[in-house]
Every structure is written in structure tokens, then in C-alpha cells.
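S.K.:
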Amino acid sequence: MQSSEFVHSLKTWIYGLPAPPKRIRTKPLRVICVGPPRSATESLSVALTKLGYTTLHGWDLQFDNPAYLQQWVELGRKKWCRPNNTITAEEFDERLGHADAIVDTIGYAFAREMIEAYPDAKVVLNSRRDRDAWQRSIEKTFLDELYRPFLIGLICVFQSELFWMREFTFKYCVPGFFRTGNVETGIVNCGQWVYKEHEAMIRGLVPKERLLEWNVEDGWEPLCQFLDQPVPDEPFPRTNNPEELAKRSEEIVKPRAIRAMLNMTGFLVTTSAVTYTLIKSYVS
31 MQSSEFVHSL
41 KTWIYGLPAP
51 PKRIRTKPLR
61 VICVGPPRSA
71 TESLSVALTK
81 LGYTTLHGWD
91 LQFDNPAYLQ
101 QWVELGRKKW
111 CRPNNTITAE
121 EFDERLGHAD
131 AIVDTIGYAF
141 AREMIEAYPD
151 AKVVLNSRRD
161 RDAWQRSIEK
171 TFLDELYRPF
181 LIGLICVFQS
191 ELFWMREFTF
201 KYCVPGFFRT
211 GNVETGIVNC
221 GQWVYKEHEA
231 MIRGLVPKER
241 LLEWNVEDGW
251 EPLCQFLDQP
261 VPDEPFPRTN
271 NPEELAKRSE
281 EIVKPRAIRA
291 MLNMTGFLVT
301 TSAVTYTLIK
311 SYVS
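What follows is the structure, encoded as C-alpha cells:
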């Protein structure tokens with residue numbers, strides 16, 4: 031633990047961002063969607079927005095002030111590195127107090143803690159019926175497009191915003207959710223087992239009257255009935271396909287990646303100059 035604390039302190043010293051303002055909850059948190067990633071989370075987020083909710087989706091964390099990502103890392107450390115510590119509603123509100131509906135990353139990664147911290151919120155267990163399709167989707171998105179590419183991992187070392195994005199996702203959320211320190215092993219070997227275990231945990235934690243088990247094919251009716259909302263006169267939104275996700279990822283990452291490449295170039299030029307000077311001095 032001491033070694034882990036030292037490494038984290040070193041990362042904070044190198045990549046630390048100014049602390050963002052603490053958010054204050056101005057309206058109750060009403061909905062927590064706890065389904066795993068790639069389970070129609072963005073369609074559900076768009077639907078809840080159309081119903082009048084202020085949603086926080088996993089991708090919204092990337093659009094937000096990047097200093098909040100560093101704050102989420104601290105909460106991730108409290109959950110996975112210091113077990114048996116309670117995460118309070120006040121701690122969540124400091125990071126998501128502007129939202130009254132949570133979908134995707136925070137919902138599935140902190141499901142137990144959020145359910146306990148907000149006992150009056152309704153819980154939606156959004157799922158995917160075709161688990162093999164889900165497995166292919168999460169491997170493609172999380173592993174092939176985000177985790178495995180060497181260049182993505184490299185440039186994250188040279189830009190603070192990218193660093194905290196990758197740190198939160200692949201150091202804490204994904205390994206924590208999939209029950210292993212190895213991202214690939216967790217997703218490939220444990221994915222469907224963890225999916226079933228997660229659903230069982232939610233059913234055990236949430237009273238039936240407070241829980242909706244929902245699939246995107248169910249559409250508006252059961253969701254609106256559960257939330258006491260009128261059914262919109264329009265088709266249920268269908269978003270979050272892999273191509274669209276890749277496009278949004280590029281929009282978010284590209285400006286930060288350019289800054290990272292500039293930082294990396296500066297680092298290499300400086301290192302080369304110092305190395306050349308030292309070698310020249312030694313030879314002389």
C-alpha cells in the first residue's frame with residue numbers, strides 16, 4: 031500500500047491539475063442506470079434527456095473539466111485501494127451534483143455505493159440480451175480501439191488530461207469492474223461472468239419497486255411508466271454504434287493528442303540535446 035501511495039503521489043505531482051470547484055446538488059438525484067458499458071447506455075442517456083433529466087454519461091466525463099477526472103481517480107482509489115470505506119452522497123455530489131440521472135461509467139463502476147448513497151433514487155438495470163454481441167462490442171471498443179494501440183498509451187504519458195482519462199478508465203474502472211488487475215484478461219475471460227454477477231448484485235441490493243430491468247428493445251413504455259413520465263411521440267433513440275463512438279472519441283481526443291505530440295516532441299528534442307552535450311563533454 032505504501033508503494034501504491036508513493037506512485038500515486040508521484041503521478042499527482044507530475045500530472046496534477048488545479049482542483050475544480052466542488053459542485054452542489056440543487057435537485058435530487060432521481061435515476062441511476064447501472065448497466066455495464068455497451069448496453070445501450072448512450073441511447074438511454076439521450077432518452078432520459080428527452081424526458082427532462084440532466085444526465086451524466088461516461089463520455090460526458092471527457093467533455094467536462096478534466097480536473098474532475100482526477101477527482102474521480104481519488105474516488106476510485108477509495109473504492110478499490112482502500113476497501114470498506116464508505117463513499118458518501120456528499121462526495122458524489124461534489125463531482126456530479128449538477129446531474130439528476132447517471133448513466134454508464136459512474137453508474138456501473140460505483141453501482142453499490144450510489145444505490146446506498148441515494149436511497150430514494152430509482153434504479154434502471156439496462157442490459158443487452160445478446161451477450162455474445164455485447165462481448166464482441168466491448169472487446170472492439172475498449173481493447174482494439176482504446177487500450178491496445180501503443181500510440182494511444184504513449185501519448186497519454188505526455189498530456190495531463192489524457193493521462194487522467196486513461197488512468198481512471200484502465201487503472202481503476204475497468205479492472206475494478208471486471209475483477210482483475212489485467213484489463214485484457216478481465217474483459218476477454220471474465221466479461222460475461224462479471225455481467226451476470228453484476229446483475230445478480232443489483233437485484234439483491236434494490237427492492238423490486240425501485241428497480242426496472244430494461245433493454246433497448248423495450249423502448250419508451252416500460253421506462254416512462256417506471257419513471258412516471260409521459261411517453262414521447264417519437265421513436266426511441268438509437269445511438270452509440272461503434273462508428274459513431276469512434277467519431278466522438280476522435281473529436282474529444284484529437285486536440286489533446288496534438289498537444290501531447292508537441293509535448294513528446296519537445297521532450298525528445300530536449301533529451302537528445304542533453305544526451306549529445308553529455309557525450310560530447312565526456313569525449314572531450
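If you're matching positions, the sequence shown starts at 31 in our numbering and goes up one per residue.
Where a beta carbon is used, it is the ideal one built from N, C-alpha and C, also for glycine.
Just so we're clear, the structure is a prediction, and the values are computed from it rather than from any experiment.
Can you list, in chain order, the stretches of the beta strand (DSSP E) that have 3 or more residues and sit fully within the region 130 to 165?
M.R.: 152 to 157
S.K.: Please confirm whether L59 and D130 have their CB atoms less than 7 Å apart.
M.R.: For L59 and D130, yes; Cβs fall inside 7 Å.
S.K.: Using CA coordinates, which residue listed in C186, E146, R112 and P51 is at the minimum distance from M291?
M.R.: C186
S.K.: Around the Cβ of R68, are there at least 16 other Cβ atoms within 10 angstroms (buried) or fewer (exposed)?
M.R.: buried
S.K.: Could you spell out where the beta strand (DSSP E) holding E169 opens and where it closes?
M.R.: Note, E169: premise wrong, no beta strand (DSSP E); not H, not E.
S.K.: Look at the Cβ atom of F198, then the Cβ atom of L99, and state whether they are nearer than 7 Å.
M.R.: yes
S.K.: What's the C-alpha gap between A139 and F266?
M.R.: 26 Å
S.K.: Kindly give me the distance between the Cβ atoms of L317 and G65, rounded to whole angstroms, as I take these residues to be in contact under 8 Å.
M.R.: Here the chain has residues from 31 to 314 only, and residue 317 is not among them.
S.K.: Please confirm if the region 148 to 163 is in contact with the region 223 to 238, defined as three or more CB-CB distances below 8 Å between the two stretches.
M.R.: With contact defined as three or more Cβ pairs closer than 8 Å, the region 148 to 163 and the region 223 to 238 are in contact.
S.K.: If you check the beta carbons only, do V37 and H87 fall under 7 Å apart?
M.R.: No, the Cβ-Cβ distance between V37 and H87 is not below 7 Å.
S.K.: For S39 versus R268, is the C-beta spacing smaller than 7 Å?
M.R.: Cβ distance not < 7 Å, so S39 and R268 don't count as in contact.
S.K.: Could you say which of E229, H228 and F208 lies nearest to N219 if we only look at CA atoms?
M.R.: F208
S.K.: Considering N219, what are the terminal residues of the alpha helix (DSSP H) in which it resides?
M.R.: V213 to L235
S.K.: Just to check my reading of the structure: P262 and W250 have Cβ atoms closer than 8 Å, yes? What is that Cβ distance to the nearest angstrom?
M.R.: 6 Å
S.K.: Grab the span of the beta strand (DSSP E) containing V61 for me, first residue to last.
M.R.: V61 to C63
S.K.: For the 8 Å Cβ check, are there 3 or more pairs between the region 221 to 230 and the region 161 to 180?
M.R.: Under the Cβ criterion (8 Å, minimum of three pairs), the region 221 to 230 counts as touching the region 161 to 180.
S.K.: Out of curiosity, what's the CA-to-CA distance linking M231 and K284?
M.R.: Using only the alpha carbons, I get a separation of about 38 Å.
S.K.: How far does the beta strand (DSSP E) with E121 in it extend, from its first residue to its last?
M.R.: Careful: E121 lies outside any beta strand (DSSP E), inside the alpha helix (DSSP H) at A119 to L126.
S.K.: What first and last residue would you give for the beta strand (DSSP E) that runs through L242?
M.R.: Under the DSSP assignment, L242 falls in the beta strand (DSSP E) whose first and last residues are L241 to N245.
S.K.: So, is the C-beta of W110 closer than 7 Å to a C-beta in chain B?
M.R.: Looking for chain B here will not work: only one protein chain is present.
S.K.: Thinking C-beta only, is L81 closer than 7 Å to Q255?
M.R.: no
S.K.: Would you kindly work out how many angstroms separate the C-alpha atoms of E124 and K310, rounded to a whole number?
M.R.: Near 54 Å, if we compare the C-alpha coordinates of K310 and E124.
S.K.: Suppose you measure from the CA of S34 to the CA of K41; what does that come to, to the nearest Å?
M.R.: 11 Å
S.K.: On the premise that Y202 lies in contact with G137, defined as a C-beta separation below 8 Å, what is that separation, rounded to the nearest angstrom?
M.R.: 15 Å between Cβ atoms; not a contact.
S.K.: Assign L86 to one of three DSSP states: helix, strand, or coil.
M.R.: strand
S.K.: How is G330 classed by DSSP in three states: helix, strand or coil?
M.R.: Because the chain spans 31 through 314 in this model, residue 330 falls outside it and cannot be assessed.
S.K.: Compare the beta carbon distance of W110 and G206 with 7 Å and say whether it is the shorter of the two.
M.R.: yes
S.K.: With distances taken between CB atoms, is the gap from F200 to Y177 smaller than 7 Å?
M.R.: Yes, these two residues count as a Cβ contact at 7 Å.
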